[in-house]
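Participant:
Protein chains: 2
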Amino acid sequence: MNKRHYNSEETRQIIAEKAAKLFAQKGFAGTSIADISRESGFSKGHIYYHFENKEKLFLHLSLETMRHWGEKWQAIAGSYPTSTQKLYGMAHFVMNNYKTPLLPVGQELAMNPNTSPETLQALQGLAATPMAAYSAIFHEGVERGEFDIENVEETTLLFGSWMGTLCQFTLTMEGEPLQRLFQQAVTIFVGGIRKR
Amino acid sequence: MNKRHYNSEETRQIIAEKAAKLFAQKGFAGTSIADISRESGFSKGHIYYHFENKEKLFLHLSLETMRHWGEKWQAIAGSYPTSTQKLYGMAHFVMNNYKTPLLPVGQELAMNPNTSPETLQALQGLAATPMAAYSAIFHEGVERGEFDIENVEETTLLFGSWMGTLCQFTLTMEGEPLQRLFQQAVTIFVGGIRKR
DNA sequence: TTCACTTTTGAACGAATGTTCTATTGCGAG
DNA sequence: CTCGCAATAGAACATTCGTTCAAAAGTGAA
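Going down the list, the sequences are from chains A and B.
Reminder that position 6 of the first sequence reads as 6 in UniProt numbering, one-by-one numbering, no gaps.
Reminder that position 46 of the second sequence reads as 46 in UniProt numbering, one-by-one numbering, no gaps.
Following this line, the structure appears as structure tokens:
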């Protein structure tokens with residue numbers, strides 16, 4: 001009856017994935033529907049069969065990505081014995097799971113005066129997911145006596161923005177050097193907030 | 001003889017400044033010549049009187065900005081007694097002197113496959129200026145026994161990328177909160193690399 | 001095999017974009 | 001005063017963009 005026919009849902013997924021890759025690489029304005037069409041192998045018109053418009057397409061895929069991200073992190077967050085280890089775990093997780101660093105692209109959209117207000121509001125939720133996860137770690141670390149933090153909110157912002165840019169290196173680096181970069185960042189950060 | 005007439009050089013400067021502001025706010029692809037024309041108050045055609053094309057315009061103003069930045073830093077770099085203080089000074093300097101965070105825009109251009117090879121090569125030099133300045137501080141800090149750093153190059157990259165994103169906050173924050181953010185970042189960073 | 005309906009295409013359109021070109025303005029030397 | 005040339009404007013152009021639309025193809029049920 002209202003079962004899905006053909007592989008339409010799969011198609012939608014392919015388009016979303018390729019679009020995410022392109023958005024992350026070339027930005028929102030820099031990525032055209034023609035680009036997405038070429039990369040995904042489906043016609044330009046067909047993209048509009050699945051998504052209302054370019055803005056909605058970006059919104060859908062970025063929010064979906066973040067939702068997955070949050071769920072996946074929640075599933076493993078409990079497995080770290082200390083807050084410090086949890087922070088290392090988070091960096092590792094971020095590196096492997098924001099395959100496509102969409103957050104800066106969301107910022108780009110948010111900055112543009114032509115962006116519709118509804119989109120703008122929806123974008124608010126984009127950064128909120130990872131920020132909440134970071135914040136939880138820092139709060140826990142303070143309570144456990146591991147961290148010495150004056151202003152947790154500010155610290156969260158600092159850590160979040162740092163992770164955000166490091167994510168962009170996933171587009172140009174890989175393997176061990178990339179891993180060391182993330183690890184070293186956490187080592188420095190922890191060194192700066194560790195209780196002594 | 002070949003003296004400048006009218007206020008042409010000044011006009012060129014105005015266009016460059018307004019363009020820098022727009023590029024920083026809306027990115028390279030997101031900023032149109034029409035935008036720059038509107039903001040600067042000069043006609044679209046006149047922009048092409050001063051600059052060969054959009055790419056060259058961006059290149060000129062970003063390299064020029066960086067050149068100024070580097071010179072200005074060199075002038076005050078010697079006035080800090082310790083490397084730690086120099087790092088704080090750098091953060092303060094970055095906050096006040098990259099009025100317009102053009103580095104991410106340079107990255108955007110560099111990522112785009114349509115960007116000409118010459119432009120690409122010129123862009124290499126963009127990040128090089130601040131990175132060299134950061135690197136010098138870390139090297140000095142190690143020599144003076146202030147910092148304990150395994151890999152100075154990696155540390156430079158980490159500090160540079162962090163400063164880069166923090167710069168974007170200059171577009172949405174100001175005054176004391178902004179200043180505290182930069183300061184706190186350095187405090188954390190120094191805490192992580194300080195010799196103990 | 002037919003038929004209704006979902007999926008997919010590709011042509012078409014208006015708006016916007018980067019760029020070029022021609023015309024106009026206005027300074028300053030003579 | 002006037003004439004040449006730098007400075008500026010704005011129309012015009014080709015291209016690309018996001019989006020729409022009508023038609024074609026493919027699918028599964030009957």
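Heads up, the beta-carbon is just placed ideally off N, CA and C, and yes, glycines get one too.
The structure displayed is predicted, hence computed values, not measured ones.
(1) Roughly how many angstroms separate the alpha carbons of phenylalanine 51 of chain B and glutamate 140 of chain A, rounded to a whole number?
(2) Against chain B, with Cβ distances strictly below 8 Å, would tryptophan 162 of chain A count as a contact?
(3) Below 7 Å between beta carbons is the criterion; list the residues of the stretch 13 to 29 of chain A that meet it against any residue of chain B, in chain order.
(4) Is it true that the stretch 12 to 32 of chain A meets the stretch 56 to 63 of chain A, where meeting means three or more beta-carbon pairs spaced less than 8 Å apart?
(5) Flag this pair as yes or no: are the beta carbons of glycine 164 of chain A and glycine 27 of chain B separated by less than 8 Å?
(6) Taking Cβ positions, are phenylalanine 147 of chain B and arginine 196 of chain B nearer each other than 8 Å?
(7) For phenylalanine 28 of chain B, name the three-state secondary structure that DSSP assigns.
(8) Considering Cα atoms alone, identify which of A:Asn96, A:Tyr98, A:Leu126, A:Met95 is closest to alanine 110 of chain A.
(9) Do tryptophan 73 of chain B and histidine 42 of chain B come within 8 Å of each other at the CB atom, strictly closer than that value?
(10) Which whole-angstrom value describes the C-beta separation of threonine 65 of chain A and leucine 102 of chain A, a residue pair presumed to lie in contact below a C-beta threshold of 8 Å?
(11) For chain B, find out if any of its Cβ atoms is closer than 8 Å to the Cβ of leucine 178 of chain A; answer yes or no.
(12) If we define contact as Cβ-Cβ less than 8 Å, is isoleucine 76 of chain A a contact residue for chain B?
(13) Exposed or buried, isoleucine 76 of chain A, counting other C-beta atoms within 10 Å across all chains shown (16 or more means buried)?
(14) Can you look up residue 209 of chain A in the DSSP assignment and give me helix, strand or coil?
(15) Helix, strand or coil: which one does DSSP assign to phenylalanine 93 of chain B?
(16) Once the 5 residues before and after phenylalanine 137 of chain A are set aside, which same chain residues still bring their CB inside 7 Å of it?
(17) Which chain B residues sit within Cβ distance under 8 Å of glutamate 154 of chain A?
(18) For lysine 3 of chain B and isoleucine 36 of chain B, I'd like the C-alpha separation in whole angstroms.
(19) If we define contact as Cβ-Cβ less than 8 Å, is leucine 120 of chain B a contact residue for chain A?
(20) Around the C-beta of glycine 45 of chain A, are 16 or more other C-beta atoms found within 10 angstroms, so that it is buried, or is it exposed?
(21) In three-state DSSP terms, what is phenylalanine 51 of chain A?
(22) Where asparagine 97 of chain A and alanine 185 of chain B are concerned, what is the direct C-alpha to C-alpha distance, given to the nearest angstrom?
(23) What is the C-beta distance between glutamate 108 of chain A and glycine 106 of chain B, in whole angstroms, given that I count them as a contact (C-beta under 8 Å)?
Facilitator: If we stick to the structure as given:
(1) 55 Å
(2) Yes, its Cβ sits closer than 8 Å to a Cβ of chain B.
(3) Gln25, Lys26, Gly27, Ala29
(4) yes
(5) Judged by their CB atoms, glycine 164 of chain A and glycine 27 of chain B are not nearer to each other than the 8 Å cut-off.
(6) Not in contact: phenylalanine 147 of chain B and arginine 196 of chain B (Cβ atoms no closer than 8 Å).
(7) coil
(8) A:Leu126
(9) Inspection of the sequence shows that residue 42 of chain B is occupied by phenylalanine rather than by histidine. Cβ atoms of phenylalanine 42 of chain B and tryptophan 73 of chain B: not closer than 8 Å.
(10) 6 Å
(11) no
(12) no
(13) exposed
(14) This structure gives no information on residue 209 of chain A, because the portion of chain A shown stretches from 1 to 196.
(15) helix
(16) The amino acid at residue 137 of chain A is misidentified as phenylalanine; the sequence shows isoleucine. Once the five neighbours on either side are set aside, the close Cβ partners of isoleucine 137 of chain A are Ser83, Lys86, Leu87, Met90.
(17) Arg180, Leu181, Gln184, listed in chain order.
(18) Interpretation of lysine 3 of chain B is limited by its pLDDT of 37, a score under 50 that renders its predicted location unreliable; the figure taken from the coordinates is listed afterwards. Taken atom to atom, the span from the alpha-carbon of lysine 3 of chain B to that of isoleucine 36 of chain B is near 27 Å.
(19) no
(20) exposed
(21) coil
(22) 25 Å
(23) In fact, because the Cβ distance is near 14 Å, the residues do not count as touching under 8 Å.
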